[in-house]
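S.K.: So the sequence lines, in the order shown, correspond to chains A and B.
Under the working numbering, think of the first position of the first sequence as -18, with each following residue one higher.
Under the working numbering, think of the first position of the second sequence as -12, with each following residue one higher.
This is the structure I want to talk about, given as structure tokens.
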Amino acid sequence: MTKKLVTIRRKALAASEERADKLRGRFADSGTLVFNLISSPGSGKTTLLETTIGRMAEVCKMAVIEGDVATERDADRIRAMGVPAHQVLTSGACHLDARQIETALETTDLLPADVLFIENVGNLICPTTYDLGEDFKIALLSVTEGDDKPIKYPAIFSRADITVITKSDLLPYVPFDLDTVTGHISSLNPSGVILVVSSTTGEGIDLWCDLIASRLEAKRRS
Amino acid sequence: MGHLKPLWLRFRYTISMHEMGIAIEIYRTCREVVREHGQGRLQSVRIAVGELAAVEPDLLKFGWEAVIVDGPDEGAELEIDFCRADQRCPSCGEAKERSEGSWFRICPDCGAPLEVRGGDELDVLEVTFETDED
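Printed below as a string of structure tokens:
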């Protein structure tokens, strides 16, 4: 019996990253801009998508992949607005991975689309590690969650290209210091964009839609 | 090797922390490396985990134990090198240590954005296995 030592440097998630790269190629071929939405459960991801669809359905073709532990509720809400949606049910798993995105594209006619939103499983931790072939990670934080969340769960806020602070209409009713939070997020991620929105009053929604449109334009030019 | 195939199914309903999925991928990588260099029983694997990788070393070890238990590589060791991020302030021209528990990328002295290198490692570095072959 001999002992062999093999020295390598291989990414532990190489297989998963390879899948994500293939997806990125596929999205490049179809000219689809892809956002990976990550937040706590209940921060308003699906509601923001509904609002976005309401505003942008006439200017671009959208599609949605929903990740949840159980039920088709979110995909049903999107389909009710006339946008194709695929529901991934994770049966307890805490994040989506590239394999599930591949399956979603095989089972549901989502492409071609101008914009694909992937709404990850509600969780501020695990989805951060997994590349789904997206162009941008978007973090959502609702004002009712409390203003210490970015410093308590820093990984997603340091990696997200855009952070959307949601439910701004509730600011007068909750102890959420907007300046402190935007300061924390900028310190975690000096190059990130921060938006403050309310799907209820429409505050910030124009800026959000403009941002999507400009990123789509940039992707088409590249 | 019959142990490998059902892994995904085996843990499909119990992966409620991402360290479990990462442990499975590390095991797959180890098996791949052994296959590329012969055959044998896995003895140990050394990996690098960066402090900004959002991976908890203890949970990863716990996941690893669950992956190898009752299989041909039961008892194989997972050794973790925990890697610090290298933070530098371009304005002060100095390395700045990260204060415990904080992910801020702003220089504590002058407020400029820090340049961060490394700290996001999640790499398999060394695989050791026992073999009958020369």
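Cβ coordinates follow ideal geometry from the N, Cα and C atoms, glycine included.
Given the structure is predicted, the values throughout are model-derived calculations rather than measurements.
(1) Output the residue ranges of the beta strand (DSSP E) runs that lie fully inside the region 50 to 96 of chain B and measure 3 residues or longer, sorted by chain position.
(2) Find the residues of chain A that neighbour B:V20, judging by a C-beta separation of less than 9 Å, and give them in chain order.
(3) Leaving aside the five residues before and after B:F69 along the sequence, list all residues of the same chain whose C-beta is less than 7 Å from its C-beta, in chain order.
(4) With a cut-off of 8 Å, does the C-beta of B:D73 fall near any C-beta of chain E?
(5) Name the two residues that bound the continuous alpha helix (DSSP H) containing B:G37.
(6) What residue range does the alpha helix (DSSP H) around A:A9 cover?
(7) So, for A:G73: in the same chain, excluding its five sequence neighbours on each side, which residues have a beta-carbon less than 8 Å away from its beta-carbon?
(8) Using a C-beta cutoff of 8 Å, does B:Q26 count as contacting chain A?
(9) Should the region 61 to 78 of chain A be called in touch with the region 106 to 124 of chain A, which here means at least 3 C-beta pairs below 8 Å?
(10) Identify, in the order they occur along the chain, each residue of the same chain with its Cβ nearer than 7 Å to the Cβ of B:C94, setting aside the five sequence neighbours on each side.
(11) Taking DSSP's pairing of strands, which residues face B:T103 in a bridge?
(12) Using a beta-carbon distance below 8 Å, is A:S217 in contact with chain B?
(13) Taking the alpha carbon of A:T144 as the point to measure from, which residue in A:L18, A:T(-12) and A:L4 has its own alpha carbon closest?
(14) Roughly how many angstroms separate the alpha carbons of A:K200 and B:L112, rounded to a whole number?
(15) Which residue's Cα is closest to the Cα of B:C97: A:A85, A:S168 and A:K(-16)?
(16) Compute the Euclidean distance between the alpha carbons of A:T163 and A:E126, then round it to the nearest angstrom.
(17) Distance check for A:L105 and B:L47, CA to CA, integer angstroms please.
(18) Nearest CA to the CA of B:D12: which residue from B:W51, B:G106, B:F116 and B:I67?
M.R.: Taking the structure as given:
(1) 64 to 70 and 73 to 76
(2) Position 33 of the second sequence holds residue 20 of chain B. Those within 9 Å of B:V20 in chain A are V(-13), I(-11) and R(-9).
(3) Position 82 of the second sequence, counted from the start, is the residue given in the question as residue 69 of chain B. Only V36, E38 and P44 meet the Cβ criterion.
(4) No chain E appears in this structure, whose protein chains are A and B.
(5) Taking the first residue of the second sequence as 1, we reach residue 37 of chain B at position 50. Run containing B:G37: none in the alpha helix (DSSP H); it sits in the beta strand (DSSP E), R28 to G37.
(6) Locating residue 9 of chain A in the first sequence gives position 28, counting from the first residue. Segment A(-5) to D10, the alpha helix (DSSP H) holding A:A9.
(7) Counting from one through the first sequence, the residue named residue 73 of chain A turns up at place 92. Contacts found: V50.
(8) Within the second sequence, numbered from 1, the residue matching residue 26 of chain B stands at position 39. Not an interface residue.
(9) yes
(10) On the second sequence, position 107 is the one that residue 94 of chain B refers to. C76, S78, C79, K83 and L101.
(11) Counting from one through the second sequence, the residue named residue 103 of chain B turns up at place 116. The sequence as given places Val at residue 103 of chain B; Thr does not occur at that position. Note: B:V103 sits in a beta bridge opposite B:Q74.
(12) No answer is possible for residue 217 of chain A: the residues shown for chain A start at -18 and end at 203.
(13) One-based indexing of the first sequence puts residue 144 of chain A at position 163. When each option's Cα is compared against that of A:T144, the closest is A:L18.
(14) Within the first sequence, the letter at position 219 stands for residue 200 of chain A. Within the second sequence, the letter at position 125 stands for residue 112 of chain B. Each residue's Cα considered, the two are about 36 Å apart.
(15) Taking the first residue of the second sequence as 1, we reach residue 97 of chain B at position 110. Of the candidates A:A85, A:S168 and A:K(-16), the one whose C-alpha sits nearest the C-alpha of B:C97 is A:S168.
(16) As a first step, residue 163 of chain A must be located in the first sequence, where it is residue number 182. As a first step, residue 126 of chain A must be located in the first sequence, where it is residue number 145. Rounded to the nearest angstrom, the two C-alpha atoms are 14 Å apart.
(17) Against the second sequence, residue 47 of chain B aligns to sequence position 60. Against the first sequence, residue 105 of chain A aligns to sequence position 124. When rounded, the distance between both Cα atoms is 18 Å.
(18) Translated into the one-based positions of the second sequence, residue 12 of chain B becomes position 25. Here residue 12 of chain B turns out to be Glu, not Asp, going by the sequence shown. Of the listed residues, the one whose Cα sits closest to B:E12 is B:W51.
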